[in-house]
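What follows is a single structure, written as structure tokens, with notes after it.
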Amino acid sequence: PVHRIAGIMVLVRSWYHNSPFEIDPSVGGARTFEAAAFAATTMRAVRESDKDGRALMVSLVPTQIARLIESGSVGIEALQSYDLVLSGAAATPQPMLNKMRELGIKVSISYGMTETCGGCVFDGRPLDGVNISLGTQDDVEPGRVTISGAVAASGYRLRPDLDAVSFISGQVQTHDVGKLDASGLLHILGRLDDVVTVGGVNVALSAVESLIRHHPAIEDVAVIDLQDELWGSIPIAYVVTRNHISNPASLISEIQGTIRDQISRAAVPRTVQIVTSLPMLDSGKIDRISLRMQAANEMTQKLFPHPGTNH
Numbered sequence: 071p072v073h074r075i076a077g078i079m080v081l082v083r084s085w086y087h088n089s090p091f092e093i094d095p096s097v098g099g100a101r102t103f104e105a106a107a108f109a110a111t112t113m114r115a116v117r118e119s120d121k122d123g124r125a126l127m128v129s130l131v132p133t134q135i136a137r138l139i140e141s142g143s144v145g146i147e148a149l150q151s152y153d154l155v156l157s158g159a160a161a162t163p164q165p166m167l168n169k170m171r172e173l174g175i176k177v178s179i180s181y182g183m184t185e186t187c188g189g190c191v192f193d194g195r196p197l198d199g200v201n202i203s204l205g206t207q208d209d210v211e212p213g214r215v216t217i218s219g220a221v222a223a224s225g226y227r228l229r230p231d232l233d234a235v236s237f238i239s240g241q242v243q244t245h246d247v248g249k250l251d252a253s254g255l256l257h258i259l260g261r262l263d264d265v266v267t268v269g270g271v272n273v274a275l276s277a278v279e280s281l282i283r284h285h286p287a288i289e290d291v292a293v294i295d296l297q298d299e300l301w302g303s304i305p306i307a308y309v310v311t312r313n314h315i316s317n318p319a320s321l322i323s324e325i326q327g328t329i330r331d332q333i334s335r336a337a338v339p340r341t342v343q344i345v346t347s348l349p350m351l352d353s354g355k356i357d358r359i360s361l362r363m364q365a366a367n368e369m370t371q372k373l374f375p376h377p378g379t380n381h
């Protein structure tokens with residue numbers, strides 16, 4: 071959507087390069103995102119780009135890409151029509167990237183935020199003039215991602231209290247944890263604020279999500295936490311499966327066992343809910359507040375069922 075930084079920067083880049091653009095209301099959230107409508111918009115854009123030989127690019131969020139691939143030939147052929155598909159606003163699952171490359175879809179992963187005028191790191195490589203630091207010894211160990219350069223904002227309007235936390239010595243202090251590999255490419259590992267304490271043990275919810283997402287039966291996942299008087303926090307997972315699961319209990323047991331073995335017992339979600347879809351914000355990110363409210367309501371119903379409810 072154009073009221074978000076990723077959306078408005080598409081228009082800014084088009085204006086700067088004097089390139090025409092095609093508007094699809096469903097991509098911006100003005101109507102339900104559908105493969106057929108996106109394909110029709112793509113065909114119009116293809117005809118325009120063919121007139122002068124300009125490159126054709128599109129900016130999407132991972133959820134939209136997943137829906138296009140799931141739709142079959144209509145969505146896949148539309149994606150294949152682009153010289154480049156930018157994926158951003160949320161983490162792009164590795165299985166999805168593998169599938170896109172297998173299908174011959176040219177994709178680039180962007181990383182950025184409002185404070186950096188949108189994407190400033192593409193496929194792990196910062197744009198010219200963008201500096202990435204992790205605040206650790208020689209930036210070898212994982213740490214908090216900080217960004218400086220011409221893309222960085224100087225502060226928030228009329229909020230010096232926030233400036234003191236988010237803008238230090240000309241650097242944007244993100245809430246992301248990252249690492250730099252031997253080639254200097256940036257890899258985002260998770261969020262600073264996603265670490266919760268379960269029975270005295272620190273658990274990174276993003277690590278739990280990442281492990282679940284790598285299961286071949288899982289299409290998408292969100293792990294949130296609820297406050298608990300005994301444990302402090304308890305992880306709860308919501309998963310979307312790729313296909314119908316004939317034995318959900320077996321899948322849930324397998325997921326919980328994998329987390330127990332590869333992370334820790336404390337990281338095992340108290341419950342794993344199989345759902346048809348995850349609630350999304352118009353920015354393309356998972357609506358975790360909505361999921362927390364849903365989980366809290368479900369937990370309340372289990373503890374205090376309505377009179378007459380079978381349990």
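Each residue of the sequence shown is one higher than the one before, starting from 71 at the first, in the working numbering.
Every residue, glycine too, gets a C-beta built ideally from N, C-alpha and C.
Since this is a predicted model, take the numbers as computed values, not measurements.
Nonlocal neighbours in the same chain, by C-beta distance under 7 Å from residue i, ignoring five residues either side
i    : result
E368 : none
L167 : V177
I139 : G145, I146 and K169
D193 : S178 and I179
R101 : P95
L348 : D290, A292, Y308, V310 and I356
E299 : none
Sequence-distant residues of its chain with Cβ nearer than 6 Å to residue i (five each side left out)
i    : result
Q162 : Rather than Gln, the amino acid found at residue 162 in this sequence is Thr. For T162, where only same-chain residues beyond five positions count, the Cβ hits under 6 Å are P132 and I179.
R283 : P163 and V291
S218 : N201, G240 and Q241
A223 : E185
G378 : Low confidence applies to G378: its pLDDT is 49, below 50, so where it sits in the model is not reliable enough to give any reading.
V338 : Q326, I329 and R330
I322 : V342
L275 : D264 and V293
R362 : I294
T244 : V215
V273 : V266, A336 and A337
L232 : Y226
Residue i and residue j closer than 7 Å at C-beta
i    : j    : result
V200 : C190 : yes
I304 : R261 : no
L259 : P196 : no
A148 : T112 : yes
V306 : A365 : The residue you asked about is not Val; residue 306 is Ile in the sequence shown. Against a cut-off of 7 Å, the Cβ pair of A365 and I306 comes out as a contact.
V235 : T186 : no
E279 : V293 : yes
T184 : I359 : no
G248 : V210 : no
D153 : A125 : yes
P318 : I288 : no
D352 : P71  : yes
G225 : T267 : no
S141 : A115 : no
G354 : A109 : no
Q150 : F103 : no
M79  : G254 : no
Sheet register partners of residue i (DSSP bridge)
i    : result
T267 : N272
Q297 : S303
F91  : Its beta-bridge partners do not exist; DSSP assigns none.
R195 : F192
H257 : K249
I202 : I217
V310 : D290
A164 : Reading off the sequence, residue 164 comes out as Gln, not Ala. None; Q164 has no bridge partner.
G182 : G189
S31  : Nothing about residue 31 can be reported from this structure: the residues present for the chain run from 71 to 381 only.
F237 : V242
P356 : According to the sequence provided, residue 356 is Ile. The question's Pro does not apply to it. DSSP, once it has assigned bridges, lists M350 as partnering I356.
Chain-order list of residues whose beta-carbon lies under 8 Å from that of residue i (same chain, five-residue window excluded)
i    : result
L281 : T328, I329, Q332 and I333
S84  : P90 and F91
R171 : V177
With 16 other Cβ atoms within 10 Å as the buried cut-off, status of residue i
i    : result
T370 : exposed
S129 : buried
Y86  : exposed
L173 : exposed
L81  : exposed
L256 : buried
K156 : The question names Lys, but residue 156 is Leu in the sequence shown. Per the 10 Å Cβ criterion, buried.
D120 : exposed
V271 : exposed
I175 : buried
L204 : buried
Reduced DSSP category for residue i - H, G, I as helix; E, B as strand; rest coil
i    : result
E211 : coil
T112 : helix
L130 : strand
L173 : coil
L154 : strand
I344 : strand
P230 : helix
Proximity test, Cβ basis, 7 Å: residue i and chain C
i    : result
I315 : Looking at the structure shown, chain C is missing, and only one protein chain is on hand.
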